[in-house]
Structures are given as C-alpha cells and as structure tokens.
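Novice: Each residue of the sequence shown is one higher than the one before, counting from 1 in full-length UniProt numbering.
Note that beta-carbon positions come from the ideal geometry of N, C-alpha and C, so glycine has one too.
The structure under discussion is supplied below as structure tokens; questions concerning it will follow.
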Amino acid sequence: MAVRIEITSPELLGFALQQGRLLRGTSQRQLADQLGIGQKWVWEMENGKPGLLMERLFAMLDATGVRLWAEIDEPAGDDLSGAGGDDVEKLDG
Numbered sequence: 001m002a003v004r005i006e007i008t009s010p011e012l013l014g015f016a017l018q019q020g021r022l023l024r025g026t027s028q029r030q031l032a033d034q035l036g037i038g039q040k041w042v043w044e045m046e047n048g049k050p051g052l053l054m055e056r057l058f059a060m061l062d063a064t065g066v067r068l069w070a071e072i073d074e075p076a077g078d079d080l081s082g083a084g085g086d087d088v089e090k091l092d093g
C-alpha cells in the first residue's frame, strides 16, 4: 500500500522526501552521495528550508489552483499507518 500526501508547503514536501528516504533505510549522507550533492542540501530540503524557488513554486500552485501530491511507495512488508496527519491518503494497489 502506498501513501499519498498533498504537498501544500515546502515543509510537507520535505516531510514526504524524508519519509521516502527513511522507508528505504537510506541516510542523508547516502542519498547525497547517490545524487552527487551535499548532505546539507538534503537536510535543507527535508526541513522545508525556504528559498526563492520554493516560495515561487507554492505561490504559483496556489494562484493557479493546482494541487501537488507525493505518492510514497512503501517497501514490501512495511505499514505507513499514522504517517503525516490530515494530508495523508492511503492507496491500495
């Protein structure tokens, strides 16, 4: 079962990215190395650090009525019940 999260802020985007990474048992350092970026950048993304691109992205989403969703596929045998709060929707399949 996958979990679907409505992304309404940089913080929720960071939460979704963090949950996907944690479910795969990957550290921030491992993900950074895999992507060829610094670990600090991964930390900043996961913590919803504001930046001009993020501010403009979410302002544009809001102004155009576009909804952004992240779907987190869980590794086999895991249960994501309770993750994320009100913006989380569980998907069968």
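#1: Would you mind working out which of P50, E11 and L23 sits nearest V3, comparing C-alpha positions?
#2: For M1, is the classification buried or exposed, using 16 other Cβ atoms within 10 angstroms of its Cβ as the cut-off for buried?
#3: Let's test the definition: count the other Cβ atoms within 10 Å of the Cβ of I7 and tell me whether it reaches 16, buried, or not, exposed.
#4: Going by DSSP, which residues form a beta bridge with I72?
#5: Alpha carbon to alpha carbon, what distance is there between Q18 and E74?
#6: How is the alpha helix (DSSP H) around R29 delimited, first residue to last?
#7: Straight-line CA distance for L12 to G48?
#8: Between which residues of its own chain and W69 is the CB-CB distance below 8 Å, once the five residues before and five after are set aside?
#9: Quick one: give me the first and last residue of the alpha helix (DSSP H) that V42 is part of.
Specialist: The answer reads as follows:
#1: For the purposes of this step, residue 3 is taken as residue 3 along the sequence shown, with counting starting at 1. Measuring from the Cα of V3, the nearest candidate turns out to be L23.
#2: Position 1 of the sequence shown, counted from the start, is the residue given in the question as residue 1. Counting Cβ neighbours within 10 Å, M1 comes out exposed, since fewer than 16 surround it.
#3: Mapped onto the sequence shown, residue 7 falls at position 7. So I7 counts as buried.
#4: Numbered from its first residue, the sequence shown carries residue 72 at position 72. Its beta-bridge partners are V3.
#5: As a working mapping, residue 74 is identified with position 74 in the sequence shown. As a working mapping, residue 18 is identified with position 18 in the sequence shown. Going by the C-alpha atoms only, they are around 13 Å apart.
#6: Against the sequence shown, residue 29 aligns to sequence position 29. Per DSSP, R29 belongs to the alpha helix (DSSP H) from Q28 to L35.
#7: What you label residue 12 is simply residue 12 of the sequence shown in a count that begins at 1. What you label residue 48 is simply residue 48 of the sequence shown in a count that begins at 1. Between L12 and G48, the C-alpha separation is close to 7 Å.
#8: What you label residue 69 is simply residue 69 of the sequence shown in a count that begins at 1. Result list for W69: R4, I5, E6 and I7, in chain order.
#9: Position 42 of the sequence shown holds residue 42. That run of the alpha helix (DSSP H) goes Q39 to E46.
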